[in-house]
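**Q** Going line by line, the protein sequences match chains A and B.
Quick note: the first sequence uses the working numbering, first residue 7, plus one each step.
Quick note: the second sequence uses the working numbering, first residue 7, plus one each step.
Number of protein chains: 2
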Amino acid sequence: MSKVYKPSPISGFPEYLPEIRRVEQQWIDHIRSVFESYGFCNIETPAVEEIEVLMAKGETDKEIYALSRLQADPKDKSDSRLALRFDQTVPLARYTAQHFNELVFPFKRYQIQKVWRGERPQIGREREFYQCDIDVLAVDNLPLHFDAEMPAVIYEALMGLDIGNIQIKISNRKILIGLLQTLEIKDVISTTRIIDKLDKIGEDGVRKSLSEEVGISEQNIDTLLKLSTIKTRDAAVLKTALSALNVESEVFNEGLEELCFVLDYLSFMPDGAMIADLSIVRGLDYYTGTVYETNLLDIPEFTSSVCSGGRYDDLASSYINKKLPGVGISIGLTRLFSVLLENGYIKPAAKSPADILMVLPSEDKRALAQQTAQQLRAKGYKVELYHAPQKIKKQMAYAEKKAIPFVWFPPFDDAQPHELKNMETGEQGAISVESLKL
Amino acid sequence: MSKVYKPSPISGFPEYLPEIRRVEQQWIDHIRSVFESYGFCNIETPAVEEIEVLMAKGETDKEIYALSRLQADPKDKSDSRLALRFDQTVPLARYTAQHFNELVFPFKRYQIQKVWRGERPQIGREREFYQCDIDVLAVDNLPLHFDAEMPAVIYEALMGLDIGNIQIKISNRKILIGLLQTLEIKDVISTTRIIDKLDKIGEDGVRKSLSEEVGISEQNIDTLLKLSTIKTRDAAVLKTALSALNVESEVFNEGLEELCFVLDYLSFMPDGAMIADLSIVRGLDYYTGTVYETNLLDIPEFTSSVCSGGRYDDLASSYINKKLPGVGISIGLTRLFSVLLENGYIKPAAKSPADILMVLPSEDKRALAQQTAQQLRAKGYKVELYHAPQKIKKQMAYAEKKAIPFVWFPPFDDAQPHELKNMETGEQGAISVESLKL
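If you want it as structure tokens, here you go:
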């Protein structure tokens with residue numbers, strides 16, 4: 007016997023058994039169908055981008071995987087500057103720039119592909135993972151309608167996954183930026199980074215950090231905290247609360263107007279489904295208006311935001327001399343799935359997609375069994391034909407092991423009817439292809 | 007304005023516009039649904055494998071892409087031995103070995119993922135491409151049923167792609183191997199490689215090569231050519247033709263028996279859909295019995311086999327001390343798609359998946375338009391809501407540009423009915439959510 011190399015799992019690169027993969031596939035199918043039902047078109051981009059494209063905005067803190075050919079011809083440099091994508095936003099920006107003249111704007115696209123980051127792997131932080139992104143890009147101006155539509159799409163997408171209730175938190179960075187300008191606080195990045203931690207370190211923690219790290223006065227911290235602790239889904243309440251801060255800033259007012267538009271648009275959403283939460287600022291520097299985070303209300307093990315995003319004024323300027331504002335949001339599918347799987351929330355599907363196992367009664371009934379299976383497939387059923395005329399008991403055991411819900415018995419004797427057994431209830435009775443309804 | 011890095015397409019890594027990607031997606035959906043209708047379950051494996059796994063059978067002629075971290079911590083070696091998969095068969099063997107105890111055998115799996123090879127790119131030979139594989143693996147013995155089922159599945163999968171008629175050519179390597187043993191021809195690899203070229207270099211070419219390169223006698227070449235030129239879908243005809251060669255070989259007879267079983271099983275297939283063609287030997291060394299190739303009969307630009315495979319006696323022995331025979335077949339999806347696209351056979355889909363564009367008549371009708379769109383989505387329609395209350399003409403032009411087939415007009419005046427316009431026929435009339443049937 008030849009030498010055996012026993013492979014072990016590669017840390018950070020998840021791989022599932024068929025019964026788990028099937029659930030992941032159902033998730034993706036559902037998310038995709040919701041995205042399409044709002045008119046988002048699909049694109050796929052190559053797994054690789056040029057390193058120059060990935061680095062166009064300067065160094066990134068993402069751990070990038072570069073490619074090299076094991077058996078490369080040293081003279082062939084055609085793929086020596088390639089690396090795996092670490093998100094789908096950079097590829098979208100590059101794609102939009104490159105195909106600019108052939109796209110119709112506003113360009114509504116979704117993308118469900120894997121991305122790769124060489125981070126230290128742990129549950130919920132893999133090196134290879136699926137992301138499900140929707141983004142809308144426009145030329146020069148992007149209507150606020152799209153900021154408002156994002157939460158509706160995401161809510162529908164996530165609620166179909168049977169993971170309990172979710173809440174989308176919405177804010178608008180302009181409000182905080184306007185306030186910081188008015189208060190003459192210059193260190194915007196540090197300040198917003200600290201406010202972003204409100205949920206984790208609490209009011210006292212934020213107060214301490216703002217004072218010690220940024221040197222903000224007590225009075226200004228009060229104002230910042232008054233703003234950051236506002237939570238409401240009612241545009242009128244939001245307006246009143248913000249008016250009380252007496253901020254005279256165009257940027258501030260613009261942000262308020264925009265956020266009110268979004269809240270009004272989303273007023274049809276169920277109680278608790280969304281809320282304006284002014285502590286949401288998102289770390290990423292390129293968001294310029296609306297920002298989103300999403301929490302799972304019924305999964306205590308998943309504490310971070312499962313789906314985040316926002317508006318950026320100018321996405322593709324690294325690759326094209328056009329102003330392309332966009333708004334987008336991304337479901338971290340694998341992160342969510344792996345945490346839920348690890349904590350027992352994922353109920354495995356059957357090991358086979360088949361609805362029916364077709365029994366093979368004897369070698370001379372093979373053509374009949376095959377033909378019957380074919381007829382059932384033509385009616386839309388998934389049918390696995392058993393592979394050998396073994397004992398019925400053995401064939402039934404196979405159906406059971408693969409959790410195939412129905413077993414079909416072609417007759418041993420042509421005078422007899424076909425029979426169907428429901429493996430869950432144990433019921434069995436005569437059946438015909440024409441009369442079957444599962 | 008910041009510096010613009012103008013990206014160019016990366017040779018060998020295809021990327022499509024939304025209207026083309028949609029066709030590719032429809033293809034994949036169809037293929038997947040056929041695979042599942044025969045009870046194949048889906049798996050996905052990581053994009054990467056350990057290099058030791060890819061090389062377990064020794065050096066490969068595939069051009070492998072290895073990974074390295076751009077910003078790697080030199081102490082962290084956890085992902086320094088990773089490379090992108092170059093097919094889906096090696097990952098399947100590794101997967102089956104690794105999860106052996108959790109799988110139910112016969113293990114019927116399909117896999118539709120991209121693979122990567124650093125080959126010199128040209129149309130129909132990309133560096134990143136989709137493969138659609140089905141394989142069945144069993145422990146120790148694999149029933150012949152699965153050899154027979156493969157062509158039925160593949161025929162249904164390919165015929166649904168609207169690419170004209172196809173023909174699956176089937177042979178069994180044991181027949182030729184048995185004959186070569188009987189004729190005492192030792193150089194099996196060179197001989198089969200030459201016979202495999204029969205289609206390309208013709209009988210005279212094969213005759214010349216067999217004589218000059220392998221030193222086979224005239225008489226034996228006659229026998230080999232008699233065998234290799236047999237083409238029939240009728241098991242009885244095949245038996246007669248092979249009997250005429252007077253070969254006394256157990257291996258030969260086994261191959262004949264097996265091929266007859268497959269032909270008998272597939273006798274329900276339409277005229278021309280499949281044929282036993284004894285010139286088919288497949289280059290790969292690991293096939294041991296049934297082998298398949300598939301030709302497109304109506305696409306002269308696609309000359310090679312679009313879908314090939316066969317049976318292997320022992321797939322996973324590099325990774326596990328078990329005998330796991332298998333049979334599998336693979337559709338080279340991207341190769342097929344790119345050649346068809348290049349030659350104008352692919353009709354682009356609409357630029358949007360939406361069935362209906364919902365017009366936004368005025369700002370104060372936004373809630374009504376939104377609500378109506380939501381009701382239509384609940385009925386299963388894909389509805390894009392126009393983003394701003396612009397001139398109706400502009401909204402219609404948008405529907406036209408995105409090829410959205412229907413436009414819905416909520417009333418400006420509540421007393422009026424909603425209206426629906428068929429963009430193809432120009433018909434327009436009153437409609438309600440309840441009465442809509444597209």
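The C-beta atom is built at its ideal place from N, Cα and C for all residues, glycine as well.
Classify HIS424 of chain A as helix, strand or coil using the three-state DSSP reduction.
**A** strand
**Q** Tell me GLY332 of chain A's beta-bridge partners as DSSP assigns them.
**A** A:LEU143 and A:TYR318
**Q** Who are the Cβ neighbours of MET7 of chain B in its own chain at under 7 Å, not counting the five residues just before and after it?
**A** Any reading at MET7 of chain B must be qualified, since the residue scores a pLDDT of 45, below 50, and its modelled position is unreliable; no value is offered.
**Q** At least one CB of chain B closer than 8 Å to the CB of ILE176 of chain A: is that the case?
**A** So, not an interface residue.
**Q** What are the residues that DSSP puts in a beta bridge with MET364 of chain A?
**A** According to DSSP, residue pairing for MET364 of chain A in a beta bridge involves A:LEU391 and A:TRP414.
**Q** Check the DSSP bridge columns for GLY435 of chain B and list the partner residues they point to.
**A** B:LEU426
**Q** Rounded to whole angstroms, how far is the Cβ of LEU60 of chain A from the Cβ of VAL10 of chain A, which I believe are closer than 8 Å?
**A** That belief does not hold up - the Cβ atoms of LEU60 of chain A and VAL10 of chain A are roughly 39 Å apart, past 8 Å.
**Q** Since ILE16 of chain A and GLU433 of chain B should fall inside the 8 Å C-beta cutoff, what is the C-beta to C-beta distance between them, to a whole number of angstroms?
**A** That belief does not hold up - the Cβ atoms of ILE16 of chain A and GLU433 of chain B are roughly 58 Å apart, past 8 Å.
**Q** Buried or exposed for SER441 of chain A, please, with buried defined as at least 16 other CB atoms from any protein chain shown within 10 angstroms of its CB.
**A** exposed
**Q** Does the contact criterion of 3 or more C-beta pairs under 8 Å hold for the segment 184–191 of chain B versus the segment 285–301 of chain B?
**A** no
**Q** Could you name the residues of the same chain whose beta carbon sits closer than 6 Å to that of ALA62 of chain B, not counting the 5 residues immediately before and after it, in chain order?
**A** SER324
**Q** Sort B:ARG75, B:ASP146 and B:LEU346 by Cα distance to LYS328 of chain B and report the nearest one.
**A** B:ASP146
**Q** With 16 other CB atoms within 10 Å as the buried threshold, where does THR309 of chain B fall?
**A** exposed
**Q** Could you tell me whether any Cβ in chain A is nearer than 8 Å to the Cβ of HIS105 of chain B?
**A** yes
**Q** Look at LYS180 of chain A and GLU264 of chain A and say whether their C-beta atoms are less than 8 Å apart.
**A** Contact: yes.
**Q** Check the Cβ of GLU307 of chain B against every Cβ in chain A and list those closer than 9 Å, keeping chain order.
**A** Ordered by position in chain A, no residue passes the 9 Å Cβ test against GLU307 of chain B, which lies about 24 Å from the chain.
**Q** Can you list, in chain order, the residues of its chain whose CB lies under 7 Å from that of ILE326 of chain A, leaving out five sequence neighbours each side?
**A** ALA103 and PHE106
**Q** Given that PRO149 of chain A touches chain B, what residues does it touch there, using C-beta distances under 9 Å?
**A** HIS393 and ALA394
**Q** Does any residue of chain D have a CB that is nearer than 8 Å to the CB of PHE152 of chain A?
**A** Of the protein chains in this structure, namely A and B, none is chain D.
**Q** Please identify, using Cβ separations under 7 Å, the residues of the segment 16–49 of chain B that lie next to chain A, in order along the chain.
**A** Contacts with chain A (Cβ-Cβ distance below 7 Å) from the segment 16–49 of chain B involve ILE16, SER17, PHE19, GLU21, LEU23, PRO24, ARG27, ARG28, GLN31, GLU42, SER43, TYR44, GLY45, CYS47, ASN48 and ILE49, listed in chain order.
**Q** What's the gap between the Cα of GLU406 of chain B and the Cα of GLY261 of chain A?
**A** 34 Å
**Q** Quick check on DSSP: helix, strand or coil for ARG27 of chain B?
**A** Assigned with DSSP and collapsed to three states, ARG27 of chain B falls in helix.
**Q** Can you find a C-beta in chain A that's less than 8 Å from the C-beta of PHE135 of chain B?
**A** no
**Q** Quick check: the Cα distance between ALA436 of chain B and ARG372 of chain B, rounded to an integer number of angstroms?
**A** 20 Å
**Q** Express the C-alpha separation of MET156 of chain B and ASP6 of chain A in angstroms, rounding to a whole number.
**A** Chain A is shown only over 7 to 444; residue 6 of chain A falls outside these bounds and no answer can be derived.
**Q** Note down, one range per segment and in chain order, each alpha helix (DSSP H) of at least 4 residues found wholly within the segment 121–170 of chain B.
**A** 151–165
**Q** Within this structure, are the beta carbons of TYR71 of chain A and LEU98 of chain A separated by less than 8 Å?
**A** no
**Q** Which class does ILE172 of chain B belong to by DSSP, given the choice of helix, strand or coil?
**A** strand
**Q** Can you list, in chain order, the residues of its chain whose CB lies under 7 Å from that of ALA241 of chain B, leaving out five sequence neighbours each side?
**A** CYS266, LEU269 and ASP270
**Q** Mind checking which residues open and close the beta strand (DSSP E) that includes ILE281 of chain A?
**A** 280–283
**Q** Residues in its own chain within less than 8 Å of ASN428 of chain A by CB, not counting five upstream and five downstream?
**A** Closer than 8 Å at the Cβ level, and outside the excluded window around ASN428 of chain A, lie PRO411, PHE412 and GLN434.
**Q** With 8 Å set as the bound, which would you pick, yes or no: does the beta-carbon of PHE274 of chain B sit closer than that to a beta-carbon of chain A?
**A** yes
**Q** Determine, for MET7 of chain B, whether the minimum Cβ-Cβ distance to residues of chain A falls below 8 Å.
**A** Because MET7 of chain B sits at a pLDDT of 45, beneath the cut-off of 50, its placement in the model cannot be relied upon, and the following sentence gives the value as read from the coordinates. True, the Cβ-Cβ gap to chain A drops below 8 Å.
**Q** Could you check what DSSP says for ALA89 of chain A in three-state terms: helix, strand or coil?
**A** strand
**Q** Can you look up LYS114 of chain B in the DSSP assignment and give me helix, strand or coil?
**A** strand
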